[in-house]
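Each step along the sequence shown adds one to the number in our numbering, with nothing skipped, and position 112 is 133.
All C-beta atoms in this analysis are idealised placements derived from N, C-alpha and C, irrespective of residue type, glycine included.
Worksheet: one structure, shown below.
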Amino acid sequence: MQGATIRRSSVVVTHTTRSCPEIQALLKSLDAQRSHILDMVDGLDAKDLRRPVLPSGWSCLGLVQHLALDVERFWFRAVMTGDTSVIDALGDIDDAWQVAPDVPPAEVLDRYRRETDLSNSAVTVTTPDTPLVWWPHHLYGEPHLHTVRDVLLHVITETACHAGHLDAARELIDGRRRLVLT
C-alpha cells in the first residue's frame, strides 16, 4: 500500500492467553459491545437490514460490515499485527458502509464474527503495552495510538458509539429498544 510504512517491533511478545488482567478486562468490555451490535440486528429481515433509516444513509448491515472491515480487521490485523495481506487489501474496499445487493446478510454477519475472533486471537498473545506494528501515515499522519491498550480503547469506544447508532436505527425500524428501564 502506497504511503504506508511497516514498523517491526523488536519487543518479544509473550503469550498471555488472556492471563493479563487488563487485557481480560478490556476484551470483556469490547465483547459486551460486540454482543450489543449483534443483538440489535438479530431478528431483522434482509429488507430491514439493508434499509437506511437515518439521514446519513447507512444501513444496519452496512454498519456491521464497516465494523468488520474498517474497525476489527483494520485496527487489529493491520495496525496492531502488521498483517501484510490485510494491509495490501485495504484499498480493495471502496466503501465498507455499502453492502453489495448480491451479498447475503448472513455473509456479512459471519464475517463480523470471524473478524472479532481473529481480533481476540491477536490480542490475547500481547500485553497492554505491546507497541503497534504498522501505522497508516497516509490516513492519520503521525501516530496517535501507540500500544495494544490504545487500540483496544479506541475500538471499544467506536464499537459502543456504533451500538448506539444501531439502537436508534432499530427503534425506528420496529420500535425495539434495548436496556430501557421503565
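Sequence-distant residues of its chain with Cβ nearer than 8 Å to residue i (five each side left out)
| i | result |
| --- | --- |
| Asp195 | Leu65 and Asp69 |
| His175 | Trp96 and Leu166 |
| Leu193 | Val74 and Leu75 |
| Val32 | At Val32 the pLDDT is 33, less than 50, meaning the model places this residue with poor confidence; the figure from the coordinates comes in the next sentence. Counting only Cβ-Cβ distances below 8 Å, and skipping sequence neighbours, we find Thr151 and Pro152. |
CB-CB length for residue i against residue j, believed under 8 Å
| i | j | result |
| --- | --- | --- |
| Leu200 | Leu51 | 17 Å between Cβ atoms; not a contact. |
| Leu82 | Leu187 | About 11 Å; that fails the 8 Å criterion. |
| Thr180 | Ile44 | Going by Cβ atoms, the distance from Thr180 to Ile44 rounds to 17 Å, so no, they are not a contact pair. |
| Leu75 | Ala190 | 6 Å |
| Asp150 | Arg170 | 7 Å |
| Ile108 | Trp155 | 6 Å |
| Val120 | Arg71 | 7 Å |
Buried/exposed call for residue i, threshold 16 Cβ in 10 Å
| i | result |
| --- | --- |
| His167 | exposed |
| Ser142 | exposed |
| Asp63 | exposed |
| Arg94 | buried |
| Thr147 | buried |
| Thr178 | exposed |
| His87 | buried |
| His183 | buried |
| Ser140 | buried |
| Leu160 | exposed |
| Arg198 | exposed |
| Gln23 | Per-residue confidence for Gln23 stands at a pLDDT of 36, beneath the threshold of 50, marking its modelled position as unreliable; no derived number is given. |
Sheet register partners of residue i (DSSP bridge)
| i | result |
| --- | --- |
| Thr218 | There is simply no residue 218 to check, as the chain begins at 22 and stops at 203 in what is shown. |
Contacting residues, own chain, Cβ-Cβ under 7 Å from residue i (five flanking each side not counted)
| i | result |
| --- | --- |
| Pro73 | Trp79 and Ser80 |
| Asp116 | none |
Proximal residues to residue i (C-beta, below 6 Å), its chain only, five neighbours per side dropped
| i | result |
| --- | --- |
| Ala89 | Arg132, Tyr133 and Glu136 |
| Leu59 | none |
Any non-hydrogen atom of the ligand FAD closer than 6 Å to residue i Cβ
| i | result |
| --- | --- |
| Lys49 | Questions concerning the ligand FAD fall outside what the structure shown contains, since it holds no ligand whatsoever. |
Count the CB pairs spanning the region 99 to 110 and the region 122 to 132 that are closer than 8 Å, and state whether there are at least three. no
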